[in-house]
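One structure is given here, and the rest of the page talks about it.
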Amino acid sequence: MTAMVGVVLGVSANVIFGVQPLYWKLLEDFDSYQVTMHRLVWSLPVIGIALVARHDLKTYFEVMQQKEMIAAYFVTALLMAVNFFLSLWAVTAGYVLQMSLGFFMNPLMTVLLGVVFLRETMTHIQFCAIALATIGVLVVTIGEGEFPWVALAVGLDNAVFTLLRKIAPLNGLVATSMEITMMFIPALIYLLCCEAMGTGEFGHSGFTADLLMIGAGPWSVIPLVLLSLSIDHISLVVLGVIQFISPTLSTLLGLFVFGEIPSQSLVIGFTCVVLALIIFTYASAVAPSPEEKTLLLPQKHPIQEKKV
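Residue numbers for the sequence shown follow the numbering used here, so the first one is 15 and each next one is one higher.
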């Protein structure tokens, strides 16, 4: 795969992520927990097709027999499920702008976690960028009179997920497949329990609703597959630019499609965070830290290298 194809796949993934709220809005009348479980259940067939197409099925079955791999990826699987729920609930509850703010904060929070837990280093400019983002969060908190927990929950969940994936040995597609597989059984059990208790919505809400719930799976996992295919063929700098697409699109949807009206404090907070991300991305490209210098070229995961 060429670098250009990697960029196209990465951009496509982020565009889909950015417009996902349009789909979730169609499901706002249904229980968010059940829809989340349907997202997980109906993702499995798509991920299976991707594994076959990429000839990764053998690697997948090999790692699924390794207890240490299952233990390591069970945590990221839980974080993925939480992300599935938060991104859905935020749309149906009218918090699209806060959710977008959380996605803008994600790269900055990931780096901060890397500094704390992996002893990575930051340049002075990167430190200033994170300080500016922190000021933005404080402005929102004080101005709104409440803690922007939706934004921080979304940002922190994605940041921890990214951090754990960063130190994981598997390539993105196999890792995503493991995570979806581990969440499939619990999600299916939850839906069966809902059906047994008479609260299940699938099969009882009309043909269109059933199709929407089934479609939630592919709509969730296809961008993950595209991103996993692109991540090893694009540089960190390119990835840093691409990551602006998704939260920008969801912000525009929140403002002009869903009619969310931002307060003055939210506008100021958004401005601080977006400026911080721009500064951070520029600093990473111009004066990368020692750790980032090793990531400026496309990377190969250990499992991938064994297959070559």
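Glycine is no exception: its CB is placed at the ideal position from the N, C-alpha and C atoms.
Computed from a predicted structure; not experimentally measured.
Burial state of residue i (16 or more Cβ within 10 Å)
i: Met7; result: Any question about residue 7 goes unanswered here, given that the chain covers just 15 to 322.
i: Phe75; result: exposed
i: Leu253; result: buried
i: Thr73; result: buried
i: Ile256; result: buried
i: Met136; result: buried
i: Pro237; result: buried
i: Ala67; result: exposed
i: Gln112; result: buried
i: Gln140; result: buried
i: Ser191; result: buried
i: Pro121; result: buried
i: Thr295; result: buried
i: Val110; result: buried
Alpha-carbon to alpha-carbon, residue j and residue i
i: Leu100; j: Thr176; result: 16 Å
i: Met227; j: Leu115; result: 27 Å
i: Ser242; j: Pro232; result: 15 Å
i: Val239; j: Leu23; result: 9 Å
i: Gly20; j: Ser219; result: 40 Å
i: His247; j: Met94; result: 23 Å
i: Met83; j: Gly159; result: 43 Å
i: Lys180; j: Gly212; result: 42 Å
i: Ala145; j: Val89; result: 29 Å
i: Leu266; j: Gly214; result: 34 Å
i: Asp45; j: Pro35; result: 16 Å
i: Leu92; j: Leu41; result: 22 Å
i: Phe4; j: Pro261; result: A query on residue 4 cannot be resolved here, the shown segment of the chain reaching from 15 to 322 and no further.
i: Thr148; j: Ala290; result: 9 Å
i: His138; j: Thr222; result: 53 Å
i: Leu30; j: Leu102; result: Sequence check: residue 30 is Ile here, not Leu. Ile30 and Leu102: Cα-Cα distance of roughly 14 Å.
i: Leu65; j: Ala210; result: 33 Å
i: Ser244; j: Glu193; result: 19 Å
i: Thr285; j: Ile61; result: 37 Å
i: Ala27; j: Asn185; result: 17 Å
i: Thr308; j: Asp43; result: Residue placement at Thr308 is flagged as unreliable, the pLDDT there being 47, under the threshold of 50; the coordinate-derived value follows with that caveat. Rounded to the nearest angstrom, the two C-alpha atoms are 47 Å apart.
i: Leu132; j: Ala85; result: 20 Å
i: Gly229; j: Gln80; result: 32 Å
i: Ile259; j: Met78; result: 34 Å
i: Leu126; j: Ala297; result: 15 Å
Rounded distance between the beta-carbons of residue j and residue i, thought under 8 Å
i: Met123; j: Val287; result: Rounded, the Cβ-Cβ distance is 11 Å, inconsistent with contact.
i: Cys208; j: Gln48; result: 6 Å
i: Asp70; j: Leu187; result: 6 Å
i: Phe198; j: Leu54; result: 6 Å
i: Gly32; j: Leu263; result: 3 Å
i: Gly108; j: Glu274; result: 6 Å
Unbroken alpha helix (DSSP H) run spanning residue i, endpoints
i: Trp163; result: Trp163 to Lys180
i: Glu209; result: Gly186 to Ala210
i: Leu132; result: Element bounds for Leu132: n/a, residue is neither H nor E.
i: Gly157; result: His138 to Glu158
i: Pro261; result: Ile259 to Phe270
i: Leu280; result: Gln278 to Val300
i: Met227; result: Phe221 to Ser244
i: Phe75; result: Leu71 to Val77
i: Arg53; result: Ser46 to Val55
Contacting residues, own chain, Cβ-Cβ under 6 Å from residue i (five flanking each side not counted)
i: Met51; result: Ala201, Tyr204 and Leu205
i: Ile293; result: Ala143
i: Ser234; result: Arg53 and Ser57
i: Val9; result: What is shown of the chain runs 15 to 322, which leaves residue 9 out entirely.
Contacting residues, own chain, Cβ-Cβ under 8 Å from residue i (five flanking each side not counted)
i: Lys39; result: Val105, Thr106 and Phe272
i: Asp224; result: Phe216 and Gly217
i: Gly128; result: Glu134, Leu177, Lys180 and Glu305
i: Gly157; result: Ser277, Gln278, Ser279, Leu280, Ile282 and Gly283
i: Ala189; result: Tyr87, Thr90, Arg179, Ala182 and Ser242
i: Val166; result: The amino acid occupying residue 166 in the given sequence is Leu; Val does not appear at that position. Excluding sequence neighbours, Leu166 sits near Gly116, Met119 and Val151.
Nonlocal neighbours in the same chain, by C-beta distance under 7 Å from residue i, ignoring five residues either side
i: Val154; result: Pro162, Ser279, Leu280 and Gly283
i: Asp171; result: Leu93, Val96, Asn97 and Leu100
i: Thr16; result: none
i: Val174; result: Leu93 and Leu127
Short CB-CB distance (under 8 Å) between residue i and chain B
i: Ala91; result: Among the chains of the structure shown, chain B does not appear; only one protein chain is present.
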